[in-house]
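K.L.:
Sharing a structure here in structure tokens format.
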Amino acid sequence: MNDQQRNKLLYVLSILLLFPALLINLGLMTFIDDEGIRTLVALEMKLSGNYITPTLHGEFYYNKPPLYNWMLLGYFQLLGQINEFNARIPTLVSLLGFAATVFYSFRKQYGTYTAFVLAMTLITCGRILFWDSMLGLIDITFSWLVFVQFMVIYQQFQRRNWLWLFALSYLCAALGFMLKGLPAVVFQGFTLLAYFIYQKEFKRLFYWQHILGGMVFVLVVGTYYAVYVQYNGLDTVFQTLFTESSKRTAVQFGWWRTFLHLFTFPFEMVYHFIPWSIMILYLLRRDLWKVLKQDNFMVYCALIFLANIWVYWASVEVYPRYLLMFCPLLFGIFLHLHQNATVQQAWTAKVVNGFMATSVVLMVLTMAIPLFLPQTQSTPYLYLNSGGLLLLAGGLAYLYRYWPPQRLLIIAMLLLVGRIAFNWFVLPNRNANDYGDACRKSSIEAGERFRDQDLYVYRKTGMQWTNSIYLTNTRGKIIPVKMEKMDPKALYIVDPARYFDAVDSVSELKVRHGQRHFIIGTLKTKH
Numbered sequence: 000m001n002d003q004q005r006n007k008l009l010y011v012l013s014i015l016l017l018f019p020a021l022l023i024n025l026g027l028m029t030f031i032d033d034e035g036i037r038t039l040v041a042l043e044m045k046l047s048g049n050y051i052t053p054t055l056h057g058e059f060y061y062n063k064p065p066l067y068n069w070m071l072l073g074y075f076q077l078l079g080q081i082n083e084f085n086a087r088i089p090t091l092v093s094l095l096g097f098a099a100t101v102f103y104s105f106r107k108q109y110g111t112y113t114a115f116v117l118a119m120t121l122i123t124c125g126r127i128l129f130w131d132s133m134l135g136l137i138d139i140t141f142s143w144l145v146f147v148q149f150m151v152i153y154q155q156f157q158r159r160n161w162l163w164l165f166a167l168s169y170l171c172a173a174l175g176f177m178l179k180g181l182p183a184v185v186f187q188g189f190t191l192l193a194y195f196i197y198q199k200e201f202k203r204l205f206y207w208q209h210i211l212g213g214m215v216f217v218l219v220v221g222t223y224y225a226v227y228v229q230y231n232g233l234d235t236v237f238q239t240l241f242t243e244s245s246k247r248t249a250v251q252f253g254w255w256r257t258f259l260h261l262f263t264f265p266f267e268m269v270y271h272f273i274p275w276s277i278m279i280l281y282l283l284r285r286d287l288w289k290v291l292k293q294d295n296f297m298v299y300c301a302l303i304f305l306a307n308i309w310v311y312w313a314s315v316e317v318y319p320r321y322l323l324m325f326c327p328l329l330f331g332i333f334l335h336l337h338q339n340a341t342v343q344q345a346w347t348a349k350v351v352n353g354f355m356a357t358s359v360v361l362m363v364l365t366m367a368i369p370l371f372l373p374q375t376q377s378t379p380y381l382y383l384n385s386g387g388l389l390l391l392a393g394g395l396a397y398l399y400r401y402w403p404p405q406r407l408l409i410i411a412m413l414l415l416v417g418r419i420a421f422n423w424f425v426l427p428n429r430n431a432n433d434y435g436d437a438c439r440k441s442s443i444e445a446g447e448r449f450r451d452q453d454l455y456v457y458r459k460t461g462m463q464w465t466n467s468i469y470l471t472n473t474r475g476k477i478i479p480v481k482m483e484k485m486d487p488k489a490l491y492i493v494d495p496a497r498y499f500d501a502v503d504s505v506s507e508l509k510v511r512h513g514q515r516h517f518i519i520g521t522l523k524t525k526h
């Protein structure tokens, strides 16, 4: 079997492994807060019939424009119900679309194998495989769109199609804005500035093509807000969007904490994107820029990464999921250097290859661990599943030993096997011991019990979104916040830490943060 035949075999096996890796027990864990917000906004749109102005508990929600909520509603309509599994399917569709876009973009430059490996590194980096791909959040969808934005600018620049470059990239920016607000505009601005200045085409930013391209953004975003203003004013909308994008800076956290973050940020990100981020060692060479300059696309990837990453590097409270659009750029550079003959003679290659080989051994051994853990002994088909995964991982390790050209792809496949093991053995035990599951159950029980009664959030009781989505979905009614003109016949959700004597309790609602409870009850006479 030659290398081309081996590659084709591994392509098929990789794709087959993707489905159990990404889908098994996808809907098992309780919604986290951000998932609850996204799903609740979409649900309240459906319940109110108002798809223009997002709300939470009937009050205007300003933090994000509504495009992702519209997408969720489309999936819920297609799949038939609102639940954890269906809310997370959009993430997987976007992840696969993101990977396909990476494959398409890099295949033109470096061939099928390198492009396929790069697409798999995106899916199997630690942060995505064991966290973000399991949650119903905006970030993978947004990152996919931003990456498309990057690629449109590069490809149309090479063709000198200036009108298409600006029109299509600003369309991406407009859709990105409708997903997440101002970050999409920041990416567009810094990417255009950096690349056009580097290519000595800065003057083209003032040509009519750029103006027409910018009008695409104005048309898309302006049309939405022209409709929005019929329902609500715009002052708070744009003020909140700006605050959401700028609140994590030194102004909020102080200069000392910001300074520490500047130092720790690279190490934190290497940790989150293991194992592929270990290749950052390849950047530790004096002639790095000389090597990259031999390839125009690599120069573009490096330039756009540097032009945009500083925004997050300088932000103290930044989450790894905000950086996913950079993964193909940086991993693409890593793979380019990994395949460079001169780099392979360096000490960094020996460290990287040693790390990868050690990882293979550890991943194989990990498949046997569930057989000996007390927490997994009640898992259905324990010996069959664990034994099957052990054989599969062992077979891949054998191929790793004897098929050196395919080693990176084999590691990605081993990581998918590890995710299948995680789904089978870790998630059920985690859910059984997760207080969030108790919150979910108590919310659903309360929703069923008080389905036909008037229910409100009492004044400034800060609802936890995990409870909110399950209560609202079960009752099929929006639960408004009540600030005044209280109804003595209605029920109120009250935070006893804030309003300890507001209601006579008829039920309790377990809430995740602090592992405490809220009270559901009738208003006391004096209120």
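Using numbering that gives the first Met the number 0, you'd call the opening residue of the sequence shown number 0 and step up by one each time.
Where a beta carbon is used, it is the ideal one built from N, C-alpha and C, also for glycine.
1. Considering only C-alpha positions, which residue in the set Thr-190, Val-315 and Met-412 is nearest to Met-362?
2. At what residues does the beta strand (DSSP E) containing Ile-492 begin and finish?
3. Could you tell me the alpha carbon to alpha carbon distance between Val-116 and Leu-134, rounded to whole angstroms?
4. Secondary structure at Glu-43, three-state DSSP: helix, strand or coil?
5. For Asp-494 and Ile-137, I'd like the C-alpha separation in whole angstroms.
6. Tell me the DSSP secondary structure of Leu-55 in three-state form.
7. Can you name the residues that DSSP bridges to Phe-517?
8. Applying the criterion that 16 or more other CB atoms from any shown protein chain within 10 Å of the CB defines a buried residue, is Tyr-270 buried or exposed?
9. With Ser-441 and Leu-490 assumed to form a contact (beta carbons below 8 Å), what rounded beta-carbon distance in angstroms separates them?
10. I'd like to know whether the C-beta atoms of Val-217 and Gly-175 end up nearer to each other than 8 Å.
11. Using the rule of at least 16 other Cβ atoms within 10 Å of the residue's Cβ for burial, across every protein chain shown, is Phe-18 buried or exposed?
12. Counting Cβ pairs closer than 8 Å, one from the stretch 327-335 and one from the stretch 296-307, do we hit at least three?
13. Can you give me the Cβ contacts of Val-250 inside the same chain, cut-off strictly under 8 Å, excluding the 5 residues immediately before and after it?
14. If you draw a straight line from the alpha carbon of Phe-30 to that of Tyr-397, how long is it in whole angstroms?
15. Alpha carbon to alpha carbon, how far is Leu-454 from Pro-487? Give it in angstroms, no decimals.
16. Just curious, the beta strand (DSSP E) that Leu-454 is in, first and last residue?
17. Chain C beta carbons: is any one of them nearer than 8 Å to that of Lys-292?
18. Assuming the contact rule is C-beta atoms closer than 8 Å, Phe-97 and Ile-139 should be a hit. Round their C-beta distance to whole Å, please.
19. Could you check if Ala-114 is buried or exposed, using at least 16 other CB atoms within 10 Å of its CB as the buried criterion?
20. Please name the residue in Gly-180, Leu-334, Asn-430 and Gln-108 whose C-alpha comes closest to that of Gln-374.
21. Helix, strand or coil: which one does DSSP assign to Leu-27?
22. Whose CA, out of Ala-20, Asn-428 and Gly-125, lies closest to the CA of Leu-372?
23. Measure the alpha-carbon distance for Gln-229 versus Val-151 and round it to whole angstroms.
24. Just to confirm, are Leu-42 and Ile-468 a CB contact at a threshold of 8 Å?
25. Using CA atoms only, rank isn't needed, just tell me which of Met-366, Ala-392 and Val-480 is closest to Tyr-382.
26. Tell me where the alpha helix (DSSP H) around Ile-81 begins and ends.
27. So who's on the other strand from Asp-451, going by DSSP bridges?
28. Please list, in chain order, all residues of the same chain as Met-177 whose beta carbon is under 8 Å from its beta carbon, the five residues on each side excluded.
29. Along the chain, where does the alpha helix (DSSP H) that runs through Arg-429 open and close?
30. Short of 7 Å in beta carbon distance, which residues of its chain neighbour His-512, apart from the five on each side in sequence? Order them along the chain.
31. Please return the same chain residues whose Cβ sits closer than 6 Å to the Cβ of Arg-474, not counting the five positions on each side in sequence.
32. If you draw a straight line from the C-alpha of Gln-76 to the C-alpha of Ala-496, how long is it?
33. Per DSSP, which one or two residues make a beta bridge with Val-480?
34. Using 10 angstroms around the beta-carbon of Leu-364, count the other beta-carbons present and answer buried if the total reaches 16, otherwise exposed.
35. By the 10 Å Cβ neighbour count, where 16 or more other Cβ atoms means buried, how is Thr-242 classified, buried or exposed?
P.N.:
Based on what the coordinates show:
1. Taking the first residue of the sequence shown as 1, we reach residue 362 at position 363. Out of Thr-190, Val-315 and Met-412, Met-412 has the C-alpha closest to the C-alpha of Met-362.
2. The residue labelled residue 492 in the question sits at position 493 within the sequence shown. Unbroken beta strand (DSSP E) run through Ile-492: 490-493.
3. By one-based count along the sequence shown, residue 116 stands at place 117. By one-based count along the sequence shown, residue 134 stands at place 135. Whole-angstrom Cα-Cα distance: 24 Å.
4. By one-based count along the sequence shown, residue 43 stands at place 44. Helix.
5. Taking the sequence shown and counting its residues from 1, one reaches residue 494 at position 495. Taking the sequence shown and counting its residues from 1, one reaches residue 137 at position 138. Computed Cα separation, rounded: 29 Å.
6. As a working mapping, residue 55 is identified with position 56 in the sequence shown. Strand, per DSSP.
7. Reading the sequence shown from its first residue, position 518 is the one you call residue 517. Answer is Leu-508.
8. Residue numbering aside, residue 270 sits at position 271 when the sequence shown is read from its first letter. The C-beta of Tyr-270 has fewer than 16 other C-beta atoms within 10 Å across all chains shown, which makes the residue exposed.
9. As a position in the sequence shown, residue 441 is number 442, starting the count at 1. As a position in the sequence shown, residue 490 is number 491, starting the count at 1. Not quite, the Cβ-Cβ distance comes to about 15 Å (not below 8 Å), so this is no contact.
10. Within the sequence shown, numbered from 1, the residue matching residue 217 stands at position 218. Within the sequence shown, numbered from 1, the residue matching residue 175 stands at position 176. No, the Cβ-Cβ distance between Val-217 and Gly-175 is not below 8 Å.
11. To locate residue 18, count along the sequence shown from 1; it is residue 19. By the 10 Å Cβ count, Phe-18 comes out exposed.
12. yes
13. Sequence index remark: in the sequence shown, residue 250 carries index 251 (1-based). In this prediction, Val-250 has a pLDDT of 47, which is less than 50 and means its spatial position is unreliable; what the coordinates show is noted afterwards. Excluding positions up to five away in sequence, the list is empty.
14. Counting from 1 along the sequence shown, the entry for residue 30 is found at position 31. Counting from 1 along the sequence shown, the entry for residue 397 is found at position 398. Answer to the nearest angstrom: the Cα atoms are 39 Å apart.
15. Sequence index remark: in the sequence shown, residue 487 carries index 488 (1-based). Sequence index remark: in the sequence shown, residue 454 carries index 455 (1-based). Cα-Cα distance, rounded: 11 Å.
16. In the sequence shown, the residue the question calls residue 454 occupies position 455. Element bounds for Leu-454: 454-457.
17. Of the chains in the structure shown, none is chain C; there is only one protein chain.
18. Reading the sequence shown from its first residue, position 98 is the one you call residue 97. Reading the sequence shown from its first residue, position 140 is the one you call residue 139. Going by Cβ atoms, the distance from Phe-97 to Ile-139 rounds to 6 Å, so yes, they are a contact pair.
19. The residue labelled residue 114 in the question sits at position 115 within the sequence shown. The residue is buried, with at least 16 neighbouring Cβ atoms inside 10 Å.
20. Looking up residue 374 in the sequence shown gives position 375. The candidate whose alpha carbon is nearest that of Gln-374 is Asn-430.
21. One-based indexing of the sequence shown puts residue 27 at position 28. Three-state DSSP puts Leu-27 in coil, outside helix and strand.
22. As a first step, residue 372 is located in the sequence shown; it is residue number 373 there, counting from the start. The shortest C-alpha separation from Leu-372 is found at Asn-428.
23. What you label residue 229 is simply residue 230 of the sequence shown in a count that begins at 1. What you label residue 151 is simply residue 152 of the sequence shown in a count that begins at 1. Spanning the two alpha carbons is a distance of roughly 34 Å.
24. As a working mapping, residue 42 is identified with position 43 in the sequence shown. As a working mapping, residue 468 is identified with position 469 in the sequence shown. Yes, the Cβ-Cβ distance between Leu-42 and Ile-468 is below 8 Å.
25. Position 383 of the sequence shown holds residue 382. Out of Met-366, Ala-392 and Val-480, Met-366 has the C-alpha closest to the C-alpha of Tyr-382.
26. Locating residue 81 in the sequence shown gives position 82, counting from the first residue. Careful: Ile-81 lies outside any alpha helix (DSSP H) and carries neither H nor E.
27. Sequence index remark: in the sequence shown, residue 451 carries index 452 (1-based). Asp-451 is not bridged to any residue.
28. Here residue 177 corresponds to residue number 178 of the sequence shown, with the count starting at 1. Pro-64, Pro-65, Leu-66, Val-219, Val-220 and Tyr-223.
29. Position 430 of the sequence shown, counted from the first residue, corresponds to residue 429. Run containing Arg-429: 426-431, per the alpha helix (DSSP H) assignment.
30. Position 513 of the sequence shown holds residue 512. Counting only Cβ-Cβ distances below 7 Å, and skipping sequence neighbours, we find Gln-463.
31. If you number the sequence shown from 1, residue 474 lands on position 475. These residues qualify, in order along the chain: Gly-446 and Arg-450.
32. For the purposes of this step, residue 76 is taken as the residue at position 77 of the sequence shown. For the purposes of this step, residue 496 is taken as the residue at position 497 of the sequence shown. Whole-angstrom Cα-Cα distance: 39 Å.
33. For the purposes of this step, residue 480 is identified with residue 481 of the sequence shown, where counting begins at 1. DSSP output for Val-480 lists Val-456 as bridge partner(s).
34. The residue given as residue 364 occupies position 365 in the sequence shown. Answer is exposed; the Cβ neighbour count stays below 16.
35. Position 243 of the sequence shown holds residue 242. That one is exposed.
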